[in-house]
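What follows is one structure encoded as structure tokens, with my remarks underneath.
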Amino acid sequence: MRMPPSESVLEAFGAAADPELLDGGQGHTWRASSIVLKPAGLAVESRWRASVLETLPDTDRLRIARPVRAASGDWLHEGWEAWHHTPGRTDPKRWDEAIKAGTAFHEAIATVARPDFLEGRDNWWTRADQAAWSSEVVEEVPSLRRLMEARVPVQVRSQLVHGDVLGNVIYTPGQPPTLIDWAPYWRPTSWAAAVAVVDALCWHGADEALIQAWSSLEHWAQMLLRALLFRMITDLESSRARGKVWQPHPAYTPVVKLVLVCADSAS
Numbered sequence: 001m002r003m004p005p006s007e008s009v010l011e012a013f014g015a016a017a018d019p020e021l022l023d024g025g026q027g028h029t030w031r032a033s034s035i036v037l038k039p040a041g042l043a044v045e046s047r048w049r050a051s052v053l054e055t056l057p058d059t060d061r062l063r064i065a066r067p068v069r070a071a072s073g074d075w076l077h078e079g080w081e082a083w084h085h086t087p088g089r090t091d092p093k094r095w096d097e098a099i100k101a102g103t104a105f106h107e108a109i110a111t112v113a114r115p116d117f118l119e120g121r122d123n124w125w126t127r128a129d130q131a132a133w134s135s136e137v138v139e140e141v142p143s144l145r146r147l148m149e150a151r152v153p154v155q156v157r158s159q160l161v162h163g164d165v166l167g168n169v170i171y172t173p174g175q176p177p178t179l180i181d182w183a184p185y186w187r188p189t190s191w192a193a194a195v196a197v198v199d200a201l202c203w204h205g206a207d208e209a210l211i212q213a214w215s216s217l218e219h220w221a222q223m224l225l226r227a228l229l230f231r232m233i234t235d236l237e238s239s240r241a242r243g244k245v246w247q248p249h250p251a252y253t254p255v256v257k258l259v260l261v262c263a264d265s266a267s
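Be aware that the sequence shown starts at 1, since it is given in full-length UniProt numbering, and climbs by one per residue.
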């Protein structure tokens, strides 16, 4: 059962309305008037993220969803975090705009130091990220193995990035886009764009023209390989955690072919 925030949590964040469950947010995000609330994950990560985002200015290219402090002054209360609600809607078919918003965000955080907590995270996504960037080829699933074997070493600068841009940009008429739900990774900015492209190809009707549209990004073919591995291995890890045998979703099949062709052409 999805439990809403308690009265104590609502009061702590100044949310003066009955909470309503929102779409997205993995089914655990609530809105109470102008406040959005969700269970915090890793506490140190939640506090760090809020402290970084609090300082970033809005620009004519991007707005930032602002965190809300609890009455205590902390960013968390009873395991919950809160954000100011942004009017508008997400639209994963606006892939070019999402990638541009991600680019603006990555420029804004380019000098933020790597936080120590990144090393200690252990979940489906972080294990998938590590496997996608590992030099090892360990998976018996043929499509994963082909993608892994197509990787070559690359020398490219990493920094903090948003690892899930496409569905986490809010569009409000007459305003710059607003980035929400920052999933921090220490990877190249071109990889973050590649994740958005892979998501658009797999789930939102984009075609191979989108690959070409962003092909000037650094080590593009190799970033696409790692982005697709990241998404597919996340699914694999999710299935394993539930004790299920994983089979790649049919939506991955044409994208695997496109990405392998791209990698072959770049070699």
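Note that beta-carbon positions come from the ideal geometry of N, C-alpha and C, so glycine has one too. Since this is a predicted model, take the numbers as computed values, not measurements.
Under the three-state DSSP convention, the category residue i falls into
i: Gln159; result: strand
i: Leu179; result: strand
i: Pro248; result: coil
i: Leu21; result: strand
i: Ala206; result: coil
i: Arg2; result: coil
i: Thr59; result: coil
i: Pro115; result: coil
i: Val197; result: helix
i: Val261; result: helix
i: Thr253; result: helix
Which residues DSSP lists as bridging residue i, in chain order
i: Pro39; result: Trp80
i: Ile64; result: Leu179
i: Arg89; result: Tyr171
i: Arg187; result: Gln159
i: Arg31; result: Glu20 and Val36
Exposure label - residue i; buried when at least 16 CB within 10 Å
i: Ala12; result: buried
i: Val152; result: exposed
i: Gln222; result: buried
i: His162; result: buried
i: Leu21; result: exposed
i: Asp58; result: exposed
i: Leu210; result: buried
i: Glu81; result: buried
i: Lys257; result: exposed
i: Met1; result: Unreliable placement is indicated for Met1, whose pLDDT of 44 sits below 50; no coordinate value is reported for it.
i: Arg63; result: buried
i: Ala251; result: exposed
i: Trp135; result: The question names Trp, but residue 135 in the sequence shown is Ser. That one is exposed.
i: Lys93; result: exposed
i: Ala131; result: buried
- Message: For the region 85 to 92 against the region 24 to 42, do three or more pairs of beta-carbon atoms, one drawn from each stretch, fall closer than 8 angstroms, so that the two count as touching?
- Response: With a cut-off of 8 angstroms, the region 24 to 42 and the region 85 to 92 count as touching, because enough Cβ pairs lie within range.
- Report yes or no: do the region 162 to 181 and the region 243 to 250 share at least 3 C-beta pairs separated by less than 8 angstroms? As far as the Cβ criterion goes, the region 162 to 181 does not touch the region 243 to 250, which means the pair count is below three.
- Message: Quick test of the definition: if touching needs 3 or more C-beta pairs under 8 angstroms, does the region 118 to 129 touch the region 64 to 77?
- Response: Too few Cβ pairs lie closer than 8 angstroms, so no.
- Query: Per the contact definition of three or more C-beta pairs closer than 8 angstroms, is the region 221 to 239 in contact with the region 187 to 206?
  - Reply: Judged by Cβ distances under 8 angstroms, the region 187 to 206 makes contact with the region 221 to 239, as three or more pairs qualify.
- Any 3 or more C-beta pairs closer than 8 angstroms across the region 95 to 107 and the region 45 to 55: Because the criterion of three Cβ pairs below 8 angstroms is not met, the region 95 to 107 and the region 45 to 55 do not touch.
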